[in-house]
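Position 15, counted from 1, in the sequence shown is what my numbering calls 363; the numbers after and before it change by one each time, with no gaps.
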Amino acid sequence: MKLQLTINGAEEEIEILAPHPNCRFRWNGTEQEASVELPEPGVYSILHEGRSYDAGVERTARGLVVLIDGNRFEITVRDPRRWSRHAAGHAGSGLETLSALMPGKVVRVLISVGDTVAAGQGVLVVEAMKMQNEMKAPRAGRVVAVHAREGMTVAAGEVLATIE
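Have a look at this one:
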């Protein structure tokens, strides 16, 4: 299955040859393999080319946000066999939640209910795997709920804030 990806604004293509746990895929014309495990919801353990990675994955209205080694990747996945308004960038209005990518501890809350935020603006800082990661607003809007507080321990997928 071929998929078209947009990763932090760059267009890529991947062909999945065999799904996990022993994944085979073609990336940039090169066939590769990776071992993929799901130790808990939203967290993937990946072994690729002799290196081990832990990836926190969160679904958003626009696609996926993946956090690997403190690096944030915003990914839109499109199956060329299907077309949807959502994949074409016409996501509807309404509420959007910001969730923890992996288990951790909230170290800073940068927003309050009623604040107006810009897309990509930092809203929370969560420490996970001994690294502090700034969580960013998935879109512009108004903060309607802040579910996190400083010092709070959060699970992967736990809702931290809601924006409308």
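The C-beta atom is built at its ideal place from N, Cα and C for all residues, glycine as well. Model, not experiment: these values are computed from the prediction.
Query, Result
"Residue span of the beta strand (DSSP E) that contains residue 396, given as start and end", "391–396"
"Three-way DSSP call (helix, strand, coil) for residue 484 in this model", "strand"
"Inter-residue spacing [alpha-carbon to alpha-carbon] between residue 464 and residue 491", "6 Å"
"Nonlocal neighbours in the same chain, by C-beta distance under 6 Å from residue 366, ignoring five residues either side", "372"
"Contact check, residue 423 vs residue 355, beta carbons under 8 Å", "yes"
"Selection from 400, 417 and 421 that minimises the alpha carbon distance to residue 410", "421"
"Limits of the unbroken beta strand (DSSP E) element including residue 489", "489–494"
"Residue from 364, 481 and 494 with nearest C-alpha to residue 403", "481"
"DSSP state of residue 460 mapped onto helix, strand, coil", "coil"
"Residue range of the unbroken beta strand (DSSP E) whose run includes residue 504", "Careful: residue 504 lies outside any beta strand (DSSP E) and carries neither H nor E."
"Contact check, residue 467 vs residue 488, beta carbons under 8 Å", "yes"
"Residues of its chain near residue 381, where Cβ-Cβ distance is below 6 Å and the 5 sequence neighbours each way are ignored", "372"
"Option nearest residue 469 by Cα separation, candidates 479, 457 and 405", "457"
"Neighbourhood of residue 497 by C-beta, 8 Å cutoff - its chain only, sequence neighbours within 5 removed", "454 and 457"
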